[in-house]
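The listed protein sequences correspond, in order, to chains A and B.
One rule links them: number in the numbering used here = place in the first sequence (from 1) + 4.
One rule links them: number in the numbering used here = place in the second sequence (from 1) + 4.
Note that the Cβ used here is the ideal one computed from N, Cα and C, for glycine as well.
Just so we're clear, the structure is a prediction, and the values are computed from it rather than from any experiment.
There are 2 protein chains.
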Amino acid sequence: MNKAPIELRFAVVAVDVPVFALLDGVLHVLVSEVNKPPHYINMLAFLGGIIDESENTDEAATRILKEKGNLNSVYLEQLYTFSNVNRDKRNRVVSVAYIGLVKPEVAEAYKHSDARFVAVIKLPKLAYDHNEMLKTALARLQGKLSYTSIAQHLLPRTFTLTELQTVYETILQREFDKRNFRKKILTLDVLEETGEMQAGVKNRPAALYRFKSKQVLDLPLF
Amino acid sequence: MNKAPIELRFAVVAVDVPVFALLDGVLHVLVSEVNKPPHYINMLAFLGGIIDESENTDEAATRILKEKGNLNSVYLEQLYTFSNVNRDKRNRVVSVAYIGLVKPEVAEAYKHSDARFVAVIKLPKLAYDHNEMLKTALARLQGKLSYTSIAQHLLPRTFTLTELQTVYETILQREFDKRNFRKKILTLDVLEETGEMQAGVKNRPAALYRFKSKQVLDLPLF
DNA sequence: GCAAAAGTGTTAGGTATACACCCATGC
DNA sequence: GCATGGGTGTATACCTAACACTTTTGC
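Next comes the structure, spelled out in structure tokens:
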């Protein structure tokens, strides 16, 4: 493919991906060390990188999580594009940010040389404009949870209704009445019982459910 | 500012802006002629252009509407970033799309050499990926109308409740009961009466309202 | 038998929906 | 006085929110 005149190509296009996971009922996000003197010395940032000539930004996000974080099976959706002139002090980078969600068993097993899941409330000042990106991502996550079935990507394949409720309570930062929550979610008819029960818990075992559809559906929730 | 290595700068970053207006109760969008042989001959597309080194994409969108369409006072919000490798067949362009909204008096008075407002339902096949962009924009517009006070940017500064209802009915493509619509919108407490009435209409003149706040607020609507 | 979490129904208050007639103005 | 759109209230169904006790399991 032809290229546009060089003077129009002053910016690089990157993707950045805050990948969220719930670990022990606490929202975590994947960060890695950044050490790019003089501006970004020993700071944390989300995984990200520059897109290739042969891919769109969706594909770049998937590739970069794989290459830089050894992460597969991440649910991704585009978040927002950040383009302030000085958002990366080294040179002009326009970043198409994505939100990534992984199931807890993926995050629990995660081991990588420099990337790790850190509790969102414990994050320090991040590199680039990633604090702003985080704020945008959290707001979007709350919105999406409230009117779609996106919670399925933060839960194991099968889960208890209490686990599902905990996802909502953790991310929306409010509590729900157990009976009302169950009534609501069950009448939406998006879950089905697996027929299995929890095993090895030291209390009454709960019934396990799964989402009927792997699609993220629009739902009237909260 | 330093530049990244040239081999990473294969793409240009552009913005594209479908600008919507309601004219006589019909949704219109601003398009201009594109004539870029061999791929795009005498086609229509939304206003758009390449960002400058000194601006972010928000600023670029505002500037381009002014420069290429002589349009000011457009409400803008970022829509989505389109990055498919072949979305522009001439060379690699990553487009950060915005939605623009203008008040009917602006659209009615609009005169420009090649840009014009065309009814959305009458649009032909557009250049680039602008049909896909339109689809995304319309879906977003419906969503925003349903849970924010964005309608204010498609209405004159003062308006009747029937005009407001027509905005909702046109964009959401459903009808509302007049009494229930009024009750709902008035109990939300976002409107105030101007004290003025319509003049020169050949029926009973309606009371004129305005939005209390110029901010776009989140509201529980439909 | 005790600790821990699962599971389950009812009531009251508020919100959404459906529906029809009179009013003010221009011509 | 007629045509046009403006403006208003009520009754019903539905949904939401508040609330407490019994069950099952492991130890």
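- Take R144/B, set aside five residues on each side of it, and the residues of its chain with a beta-carbon closer than 7 Å to its own are L83 and I103, in chain order.
- When Cβ-Cβ separations below 8 Å define contact, T152/B makes no contact with chain A.
- With fewer than 16 other Cβ atoms inside 10 Å of its own Cβ, M201/A counts as exposed.
- At a cut-off of 8 Å between C-beta atoms, Q219/A does not count as an interface residue with respect to chain B.
- Those residues of the stretch 74-108 of chain B placed with their C-beta closer than 7 Å to a C-beta in chain A are Q82, Y84, T85, S87, N88, V89, R94, N95, R96, V98 and V100, ordered along the chain.
- Contact between the stretch 34-50 of chain A and the stretch 33-50 of chain B is not established, with fewer than three Cβ pairs separated by less than 8 Å.
- One finds nothing in chain B with a Cβ atom closer than 9 Å to the Cβ of K206/A; even the nearest lies about 42 Å away.
- Apart from the 5 residues on each side of it in sequence, S99/B sits with its Cβ closer than 6 Å to the Cβ of A18, D20 and F86 in its chain, given in chain order.
- A residue is called buried when at least 16 other Cβ atoms come within 10 angstroms of its Cβ; D181/B does not meet this threshold and is exposed.
- Per DSSP, Q82/B is one residue of the beta strand (DSSP E) stretching across Y79 to F86.
- At a Cβ-Cβ threshold of 8 Å, T174/B and L26/B count as neighbours.
- The alpha carbon of V205/A has as its nearest neighbour, out of V220/A, K218/A and T164/A, the alpha carbon of T164/A.
- Annotation: Q177/B to D62/B spans about 30 Å, alpha carbon to alpha carbon.
- In chain order, F24, Y79, H157 and L158 place their CB closer than 6 Å to the CB of L105/B, counting only its own chain and leaving out the 5 sequence neighbours on each side.
- In the DSSP assignment, K40/A forms a beta bridge with Y44/A.
- Counting only the Cα atoms, G53/B lies some 16 Å from K7/A.
- In this chain, the alpha helix (DSSP H) harbouring Y151/B covers H134 to Y151.
- Look at the beta carbons and you see the stretch 183-203 of chain A not touching the stretch 65-80 of chain A: under three pairs across the two are nearer than 8 Å.
- Assigned with DSSP and collapsed to three states, E57/A falls in coil, not helix or strand.
- In this structure, L12/B and V16/A form a Cβ contact; the two beta carbons are roughly 5 Å apart against a cut-off of 8 Å.
- Going by C-alpha positions, Q146/B is about 16 Å away from T152/A.
- Counting only runs of at least 4 residues, the stretch 61-128 of chain B fully encloses the following alpha helix (DSSP H) elements, listed from N- to C-terminal order: 61-73 and 108-112.
- Contact note: I54/A reaches chain B through A8 and L12, using a C-beta cutoff of 9 Å and chain order.
- With a threshold of 8 Å between beta carbons, V21/A makes no contact with chain B.
- At a Cβ-Cβ threshold of 8 Å, D118/A and E37/A count as neighbours.
- Listed along chain B, the residues sitting closer than 8 Å to V17/A by beta-carbon distance are A15, V17, S87 and V98.
- Taking N95/B as the centre and dropping the five residues before and after it, the same chain places the C-beta of V16 closer than 8 Å to its C-beta, in chain order.
- Beta-carbon to beta-carbon, P41/B and P108/B are separated by about 36 Å, too far to satisfy the 8 Å threshold.
- Between P22/B and L138/B, the beta carbon gap of about 6 Å places them in contact (Cβ cut-off 8 Å).
- In the assembly as shown, N60/A is a buried residue. Its beta-carbon has 16 or more other beta-carbons within 10 Å.
- If you ignore the 5 residues before and after V220/B, its C-beta comes within less than 7 Å of the C-beta of T152, S153 and I154, all in its own chain and listed in chain order.
- Comparing alpha carbon positions, the residue from P224/B, E112/B, F14/B and L168/B closest to L34/B is E112/B.
- Distance check between N74/A and each of N90/A, V110/A, D92/A and R91/A places V110/A closest, using alpha-carbon atoms only.
- For V19/B, the enclosing beta strand (DSSP E) starts and ends at V16 to V21.
- Beyond the five residues adjoining it in sequence on each side, N39/A comes within less than 7 Å, by CB distance, of I45 and N46 in the same chain, given in chain order.
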